[in-house]
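Reading the sequence shown from the start, the letters are residues 6 to 383 in the numbering used here.
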Amino acid sequence: MKNFLLLPLFVVIIACSEKTQETQSEAYDVPELLIRDSLVIDHLTKLYLIDVKSDRSEYLFFDFTSKDFLRVNRDGQVIIKANRSDDGPNSYKETYFYTADYLDSDKILLLTYNFAFYYDLEFNLLERRKLDFSLDTRNVGGSRAAEVLANQFYTFSIEASDIDDVYRGEEFNIAYPFLTFRDPHSLAKTAHASIPEESQIRKSPANYVNKDPLILENDKGLWVLFPNSPELYVFNRDSLSLKRTIALEPDDTYKQILPPNPEINFDGFLKELAASQYLSFAFSNDYLLTMYSGAAPQAEVDRLPKEYLGGPEFTDLADKYKTTTYYQIFKEEKKLWEGTWDVRLSSIRNLIYSDAKPGEDPDEVEKDVQTIYFYELK
Numbered sequence: 006m007k008n009f010l011l012l013p014l015f016v017v018i019i020a021c022s023e024k025t026q027e028t029q030s031e032a033y034d035v036p037e038l039l040i041r042d043s044l045v046i047d048h049l050t051k052l053y054l055i056d057v058k059s060d061r062s063e064y065l066f067f068d069f070t071s072k073d074f075l076r077v078n079r080d081g082q083v084i085i086k087a088n089r090s091d092d093g094p095n096s097y098k099e100t101y102f103y104t105a106d107y108l109d110s111d112k113i114l115l116l117t118y119n120f121a122f123y124y125d126l127e128f129n130l131l132e133r134r135k136l137d138f139s140l141d142t143r144n145v146g147g148s149r150a151a152e153v154l155a156n157q158f159y160t161f162s163i164e165a166s167d168i169d170d171v172y173r174g175e176e177f178n179i180a181y182p183f184l185t186f187r188d189p190h191s192l193a194k195t196a197h198a199s200i201p202e203e204s205q206i207r208k209s210p211a212n213y214v215n216k217d218p219l220i221l222e223n224d225k226g227l228w229v230l231f232p233n234s235p236e237l238y239v240f241n242r243d244s245l246s247l248k249r250t251i252a253l254e255p256d257d258t259y260k261q262i263l264p265p266n267p268e269i270n271f272d273g274f275l276k277e278l279a280a281s282q283y284l285s286f287a288f289s290n291d292y293l294l295t296m297y298s299g300a301a302p303q304a305e306v307d308r309l310p311k312e313y314l315g316g317p318e319f320t321d322l323a324d325k326y327k328t329t330t331y332y333q334i335f336k337e338e339k340k341l342w343e344g345t346w347d348v349r350l351s352s353i354r355n356l357i358y359s360d361a362k363p364g365e366d367p368d369e370v371e372k373d374v375q376t377i378y379f380y381e382l383k
């Protein structure tokens, strides 16, 4: 892994007042966003980070172009490249998978719609297990609706025996216990919880397009952030009982989603286009960083043709507004800053990263290698 010179983006609120939105009148010191390290991978086409080992010794990537999984060490060396979408004894036999996570020290757990596949680190299939639950997510190839934790397997899911009742229930039965802990080997359910009543999607129940939350686990519990609700929930790591709630209080740039009208085709997608959505969050050196997307103005959404979605009018509007990311920095639950940076960050398991440096367009030129930059707040 190649080291880079630390790059300060800002020091205090006063220093960046012309470029960012002020959220505090007091003179709080704001941490710097620094490039801590980078990973340079000898690979032509774009890679997507799917998982990372807890000790940061290895990274699991997926190439949606070639359908290859890549295990990459901390020096950027490709340990193995494997395509398991093709026919064969080790195939997961689907056109897509939901997610893949490191399990224990020597396995990878991959989920498709119907099965859990247990692979060794060479991607040889060890076991295939039929699922008796379905993930409630529309994200594939790295969905947040399933996550291997330290001693549990978390899913945002519906038991097979309950699917008909949930989907036919009033307002999609939003009070159903979607959050579930399972044994990672047997997949037996060990604990479950419902979406908290304080959340916006419980206060305004509906069949939202995107419900599955972002999660992180640390010694304080399981941290849960629903994409359409500006609060953090901390659950007990064993029982999934709710311990506390933290209000994120975003600025006026955040637009709360409205319940979709079930009588209008594609209304859920239109409501999502006109709303903000939390994309990720991470802890870095005692700071909390959250990220949410911009929202298209309602008047412009209302002018879209209603006959179909996905056309140029819809995608142009999404590209114009939804690609802007707003960031919040907290310390001890106190918001220090909120605004935008000239870099689009993501995070996974508290690892903050981007495929670009600040001010760089990662799609501007074709590259012979893929470079992932790791960031921290300090």
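Backbone N, C-alpha and C define an ideal beta-carbon position, used for all residues, glycine too.
Going by beta carbon distance, what residues of the same chain come within less than 8 Å of Asp-73, once the five residues before and after it are set aside? Phe-67, Lys-86, Ala-87, Asn-88
Looking only at DSSP bridge pairs, what is Ser-351 linked to? Tyr-358
Just verifying my parser: in three-state terms, what is the DSSP assignment at Ala-211? coil
How far does the alpha helix (DSSP H) with Phe-274 in it extend, from its first residue to its last? 272–278
Compare the beta carbon distance of Gly-146 and Phe-240 with 8 Å and say whether it is the shorter of the two. In this structure, Phe-240 does not lie closer than 8 Å to Gly-146 by Cβ.
Among the residues of its own chain, which have a CB less than 8 Å from the CB of Ala-361, if the five just before and after it don't count? Val-348, Arg-349, Pro-367, Tyr-378
In the region 197–267, which residue ranges form an unbroken alpha helix (DSSP H) of at least 4 residues, counting only runs that do not cross its ends? 205–208
Could you check the C-alpha separation between Ser-139 and Trp-228 for me, to the nearest Å? 22 Å
Quick check on Gly-315: buried or exposed, where buried means 16 or more other Cβ atoms within 10 Å of its Cβ? exposed
Taking Tyr-118 and Glu-99 to be in contact with their CB atoms under 8 Å, please state how far apart those CB atoms are, rounded to whole angstroms. 7 Å
With a CB to CB cut of under 8 Å and the five nearest residues on each side skipped, what residues in its chain are close to Ala-193? Arg-187
So Glu-203 and Asn-290 are supposed to be a Cβ contact under 8 Å. How far apart are they, rounded? Going by Cβ atoms, the distance from Glu-203 to Asn-290 rounds to 29 Å, so no, they are not a contact pair.
Using the three-state DSSP reduction, which class does Ala-304 fall into: helix, strand or coil? Residue state, collapsed to three classes: helix.
Going by alpha carbons, who is nearest to His-197 out of Tyr-159, Phe-335, Ser-209? Of Tyr-159, Phe-335, Ser-209, the residue nearest in Cα terms is Tyr-159.
Mind checking which residues open and close the alpha helix (DSSP H) that includes Glu-318? First-last of the alpha helix (DSSP H) with Glu-318: 317–326.
So is Leu-293 buried or exposed if we call it buried at 16+ other beta carbons inside 10 Å? buried
Whole angstroms is fine: what's the gap from Ala-20's alpha carbon to Asp-34's? Model confidence at Ala-20 stands at a pLDDT of 36, short of 50, so the residue's coordinates are unreliable; what they give is reported in the following sentence. Each residue's Cα considered, the two are about 10 Å apart.
Would you identify the three-state DSSP class for Ser-166, choosing helix, strand or coil? In the structure shown, Ser-166 adopts helical secondary structure according to DSSP, grouped into three states.
Looking at the structure shown, is Asn-95 part of a helix, part of a strand, or coil, going by DSSP? coil
Using a 10 Å radius around the Cβ and a threshold of 16 neighbouring Cβ atoms, would you call Gly-364 buried or exposed? exposed
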